[in-house]
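Engineer:
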Amino acid sequence: MLKKRGLNPADASSYRPISNLSVLAKLLERLVAQQLQHYSCTAGLLPTLQSGLRPRHSTETAILRVLSDILSDVDRGDFAALVLLHPSAAFDTVDHDILLQRLQTSFGIVGAALKWFQSYHDQSYPVRSSWL
429 MLKKRGLNPA DASSYRPISN LSVLAKLLER LVAQQLQHYS CTAGLLPTLQ SGLRPRHSTE
489 TAILRVLSDI LSDVDRGDFA ALVLLHPSAA FDTVDHDILL QRLQTSFGIV GAALKWFQSY
549 HDQSYPVRSS WL
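Heads up: the sequence shown begins at 429 in the working numbering, then just goes up one per residue.
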């Protein structure tokens, strides 16, 4: 599947990579994601108004919060404006080095766990079972 509409279908870089992970590796990814989500929520590492990747939060809760803030401002006689942006292929614009640095400095992920995340980006760190 193309990353986004309008890309050249003949160019391999127009496609997302195919996952070659085994079922066991995919299960491990899911477990790590659940642990990271639980850790970040219980340690208070996420902004209080963030709805994405949080239990019992969704786009609906985010929309309700924004709508509530706008209506409160209008009721007080204040000016309210809403600007909506939709960055195309936002996932593809993430700088992996910055992401890894944030995992380390903001979330305290170090050692084997950080190397495991880095292995998805840097071929010099192949995933090894000794890190797990």
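Virtual Cβ for every residue (Gly too), placed ideally from N, Cα, C. These numbers were taken from a predicted model, which means no experiment stands behind them.
1. Kindly indicate which three-state DSSP category Y443 falls into: helix, strand or coil?
2. Can you name, in chain order, every residue of its own chain whose Cβ lies under 7 Å from the Cβ of L430, other than the five neighbours on each side?
3. Measure the C-alpha to C-alpha separation of S552 and Q546 and round it to an integer number of angstroms.
4. Note down, in chain order, each residue of its chain lying with its Cβ closer than 7 Å to the Cβ of L477, except the 5 sequence neighbours on either side.
5. Tell me the DSSP secondary structure of L464 in three-state form.
6. If you draw a straight line from the alpha carbon of D501 to that of A509, how long is it in whole angstroms?
7. State yes or no: is the beta carbon of S441 nearer than 7 Å to at least one beta carbon in chain B?
Structural biologist: The relevant details are as follows:
1. DSSP places Y443 in strand when its eight states are reduced to three.
2. Cβ-Cβ distances below 7 Å link L430 to P437, S442, Y443 in the same chain, with the five nearest sequence neighbours on each side left out; the list follows chain order.
3. Since pLDDT at S552 reaches only 44, below the 50 mark, its modelled position is unreliable, and the value read off the structure follows with that caveat. Approximately 9 Å, taken between the alpha carbons.
4. For L477, where only same-chain residues beyond five positions count, the Cβ hits under 7 Å are R493.
5. It is helical.
6. Distance from the CA of D501 to the CA of A509, rounded to the nearest whole angstrom, comes to 10 Å.
7. The structure shown contains no chain B; it holds only a single protein chain.
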